[in-house]
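Novice: So the sequences go chain by chain: A and B.
The numbering used here applies: residue 6 is where the first sequence begins, and numbers increase by one.
The numbering used here applies: residue 124 is where the second sequence begins, and numbers increase by one.
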Amino acid sequence: MTVAQTAPVPDVASAHTSEAFDVDAVRRDFPILGRAVRDRRLVYLDNAATTQKPRSVIEAIERFYEEDNANIHRGVHLLSQQATFAYERARGRLATFINAPESSECIFLRGTTEAANLVAHGFCRPRCGAGDEIIITHMEHHSNIVPWQLLCEATGATLRVVPISDEGVLDLEVYEQLLNERTCLVAVAHVSNVLGTVNPIRQMADLAHKQGAVVFVDGAQGAPHLAVDVQSLGCDFYAFSGHKLFGPTGIGVLWGRRDLLDSMSPYEGGGSMIQSVTLESSTYADVPTRFEAGTPDIAGAIGLAAAIDYLNRFGMEALAAYEDGVLDYAQQQLSQIDSVRLIGTAAGKVSVVAFVLKDAHPHDIGTILDMEGIAVRTGHHCAQPLMARYGVPAMARASFAFYNTRGEVDALVTGIKKVEEVLGG
Amino acid sequence: MTQLRELYQQVILDHNRNPRNFGVLENADRHKEGYNPLCGDHLHVYLNVDADNLITDIHFDGSGCAISKASASLMTQLLKGKSADEAKAAFARFQDMVTSDMDVPVDIDSAGKLAVFAGVREFPMRVKCATLAWHTMKSALDDEPNTEPKYGSTGNSGDDRIG
């Protein structure tokens, strides 16, 4: 039985063959974008919550179940071999996508949330105690706050928080002061899910490493918008979710430095993650299998790899350049509406636009825009400390992907005027 | 637009802009905090209930969407002078109305002023906004008088907890 099949899989298709970017053609690749919502064409501006899937992803999942479905790393029969090959090939695709040194450093998990919990349990728990410290920032998603709070409760470690400016930029002076030899780990978002701010990971990692701390990056919003290179970022862990990256739900990746992963205990026990089991004790498989107990989401991994292949057709830089154009237009158009207050105005931010209206609660904005076929997120965006920081109970957020257009920005602007009209009485 | 006007009726917009019985009720003998984490609606309901179980005064404050604020405002108007049992019965009727099917006609006599919330039925995600103040009120009535408020203890069923 091959317990940990992690040999690098040749990755021939990932060479960038950048196609010219044509948004109309791209939109046709996403079946859902053609549907109507409330008798209007869907304007989907909730991409930071989850993205839509290109046909190639949907077909890859379907093809797996129709042609290759079997459990992996177990049977000697042909289907099991094919499924195992496809699953490990997907791992290779993901590794190349973030420029991981080895594909075995990429662990398939349910998503970013599970990755944070795995690092908290597997890495920090045995190393942290009373007097030790974890640093997070004021702009984190709940999934990059709560696992560390639980860790602190369990170990007696202390949570420290890097403040942000009104524009939504981390205060690096305070960050540097917070770092000390008792800092166990720094947990930071690559990109804020509300503000769109891109954080200076390289700089933060270099400062953390000087104090012997490791850096966990929540890449849930980074991977969909930026070309991620974990080696040049200099972080120790990087996590992201497939469904925010045009792939299926239920699958995500934690990348970690090999030496750190090797030193970590299992997170969950079960099948696959063992080397040998007796009724008294067990020894564990090598990474990444050690952290993939039970049958994983095989179809999800294959679907996510198909999403990566789709993105690679254009290249992340080209997609980001297109999105920046839509973002600039959106900010410019929205800032011309008197009652709109944009929240998150950092230089170099990605295409996430949070806002509040003077006399309309975000929930009312959401309902009225929905009646126009426009999907935005309203509420606290799983970032209640950030809502408190800006003194609002909730915000509305339009988050753009590369399939969104300036015409959809215009629809949003018209929709916001409708909100004012309806609530103005 | 028709559906929107149905939801955001003039009465609702008026109560949103000028909520009645808004503000802390000094010396309230009951007080509860209601919170809907899905949308950030957050309010307090204050009650005075006399020895005969009559609601002699009721106030609310907090922040929320137009639907939740207007619902709280209209609730306070309706319940002042009613008995605790009548208040709970009114809540049950209100909840039935906002969760009923669209093709079930609203009983205007029974719903009274609250019929303006019938449009909420078409927006299932907004039912919790409309009922938050009512849940909070009921929880305050069920409590022993003068108990310390508990954060988020009301109007906060488990399936609200998104994010």
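For glycine and all other residues, C-beta sits at the position ideal for the given N, C-alpha and C.
As the structure is a prediction and not an experimental result, all values here were calculated from the model.
CA-CA distance, K249(A) and L130(B)?
Specialist: Taking the straight line joining both Cα atoms gives about 33 Å.
Novice: If contact is defined by three or more beta carbon pairs under 8 Å, each pair taking one atom from either stretch, is the stretch 375-394 of chain A in contact with the stretch 221-238 of chain A?
Specialist: Touching, no.
Novice: Which same chain residues end up closer than 8 Å to C189(A) when comparing Cβ atoms and leaving out the 5 residues on each side of it in sequence?
Specialist: So the list reads C129, R132, C133, D137, E138, I139, A162, A218, V219, once near-sequence residues are dropped.
Novice: V282(A) by DSSP, collapsed to three states: which one?
Specialist: DSSP places V282(A) in strand when its eight states are reduced to three.
Novice: Helix, strand or coil for N139(B) per DSSP?
Specialist: Here N139(B) sits in helix by DSSP.
Novice: For L201(B), which residues in chain A fall below 7 Å Cβ to Cβ?
Specialist: Residues of chain A passing the Cβ test: none, with the nearest at roughly 22 Å.
Novice: State the start and end residues of the unbroken alpha helix (DSSP H) segment that holds I256(A).
Specialist: Where I256(A) is concerned, there is no enclosing alpha helix (DSSP H), given that its DSSP letter is neither H nor E.
Novice: What are the partner residues of H165(B), as DSSP defines its beta bridges?
Specialist: According to DSSP, H165(B) bridges with Y158(B), S186(B).
Novice: With a threshold of 8 Å between beta carbons, is Q132(B) in contact with chain A?
Specialist: Answer no: the Cβ-Cβ gap between Q132(B) and chain A never drops below 8 Å.
Novice: Using a Cβ cut-off of 8 Å, pull out every chain B residue sitting near A399(A), in sequence order please.
Specialist: Within chain B, the residues near A399(A) are C162, G163.
Novice: Is there a Cβ from chain B that is less than 8 Å from the Cβ of M6(A)?
Specialist: With a pLDDT of only 38 at M6(A), under the threshold of 50, the placement of this residue in the model should not be trusted; the figure read from the coordinates follows. No, because no Cβ of chain B sits closer than 8 Å to the Cβ of M6(A).
Novice: Touch check for the stretch 193-200 of chain B and the stretch 246-262 of chain B: three-plus C-beta pairs under 8 Å?
Specialist: Yes: the two stretches touch, three or more of their Cβ pairs being nearer than 8 Å.
Novice: A253(B) by DSSP, collapsed to three states: which one?
Specialist: Three-state DSSP puts A253(B) in a helix.
Novice: Hey, could you find the ends of the beta strand (DSSP E) V222(A) is sitting in?
Specialist: From DSSP, the beta strand (DSSP E) with V222(A) extends over 219-223.
Novice: Quick check: S404(A) and N52(A), are their CB atoms within less than 8 Å of each other?
Specialist: Yes, Cβ-Cβ distance for S404(A) and N52(A) is below 8 Å.
Novice: Which stretch, first to last residue, makes up the alpha helix (DSSP H) that contains C157(A)?
Specialist: Looking at the DSSP string, the run of the alpha helix (DSSP H) that includes C157(A) is 151-160.
Novice: Is there at least one Cβ from chain A nearer than 8 Å to S196(B)'s Cβ?
Specialist: No, S196(B) lies away from the interface with chain A (no Cβ there is under 8 Å from its Cβ).
Novice: Does T383(A) come within less than 8 Å of chain B when only Cβ atoms are used?
Specialist: By this cut-off, T383(A) is an interface position.
Novice: Compute the Euclidean distance between the alpha carbons of G429(A) and L136(B), then round it to the nearest angstrom.
Specialist: In a straight line, the C-alpha of G429(A) is about 8 Å away from that of L136(B).
Novice: Does chain A have any CB closer than 8 Å to the CB of A241(B)?
Specialist: Chain A, which has no Cβ nearer than 8 Å to the Cβ of A241(B), makes this no.
Novice: Going by the DSSP bridge assignment, what does N171(B) pair with across the sheet?
Specialist: DSSP output for N171(B) lists D180(B) as bridge partner(s).
Novice: Please list, in chain order, the chain A residues whose beta carbon lies closer than 7 Å to that of L127(B).
Specialist: Under the 7 Å cutoff, chain A gives I373, M376, V427.
Novice: Using 8 Å for Cβ pairs, my map puts V414(A) next to V331(A). What's the rounded Cβ distance?
Specialist: With 8 Å as the limit, V414(A) and V331(A) qualify as a contact, their Cβ atoms being about 7 Å apart.
Novice: Report the rounded CA-to-CA distance for Q216(A) versus S268(A), giving the unit in angstroms.
Specialist: Going from the Cα of Q216(A) to the Cα of S268(A) covers about 20 Å.
Novice: Verify the CB distance criterion: does A207(B) have a CB-CB separation below 8 Å to chain A?
Specialist: With 8 Å as the cut-off, A207(B) does not count as an interface residue toward chain A.
Novice: List the residues of chain A that A246(B) touches, going by C-beta distances under 7 Å, in chain order.
Specialist: One detail in the question is off: residue 246(B) reads as Phe in this sequence, not Ala. Near F246(B) (Cβ distances below 7 Å), the residues of chain A are T372.
Novice: For D266(B), collect the residues of the same chain with a Cβ closer than 8 Å to its Cβ; drop the 5 residues on either side in sequence, then sort them by chain order.
Specialist: So the list reads R153, K155, once near-sequence residues are dropped.
Novice: Since I believe A256(B) is in contact with L201(B) (beta carbons under 8 Å), could you give me their beta-carbon distance rounded to a whole number of angstroms?
Specialist: Actually they do not touch by this definition, with Cβ atoms about 11 Å apart.
Novice: Taking P205(A) as the reference, give the member of C240(A), S344(A), W260(A) with the closest Cα.
Specialist: Nearest C-alpha to P205(A): C240(A).
Novice: On the premise that K58(A) lies in contact with P271(A), defined as a C-beta separation below 8 Å, what is that separation, rounded to the nearest angstrom?
Specialist: P271(A) to K58(A), Cβ: 32 Å. No contact.
Novice: Which whole-angstrom value is the C-beta distance of F251(A) and F26(A), which I expect to be below 8 Å?
Specialist: Contact flag wrong, Cβ pair sits at about 15 Å.
Novice: Can you find a C-beta in chain A that's less than 8 Å from the C-beta of A253(B)?
Specialist: Not closer than 8 Å to any Cβ of chain A, the Cβ of A253(B) fails to qualify, so no.
Novice: Pick out whichever of V233(A), T160(A), V418(A) has its Cα sitting closest to the Cα of G378(A).
Specialist: Selected option, being the one with the closest Cα: V418(A).
Novice: Taking the beta strand (DSSP E) that E64(A) falls in, what are its first and last residues?
Specialist: Here E64(A) belongs to no beta strand (DSSP E); instead the alpha helix (DSSP H) covers 60-68.
Novice: Check each candidate in V168(B), S223(B), N176(B), K251(B) and name the one with the smallest Cα separation from R143(B).
Specialist: That would be V168(B), whose Cα lies nearest to the Cα of R143(B).
Novice: With 8 Å set as the bound, which would you pick, yes or no: does the beta-carbon of G157(B) sit closer than that to a beta-carbon of chain A?
Specialist: Taking Cβ atoms only, chain A never reaches closer than 8 Å to G157(B), which makes this a no.
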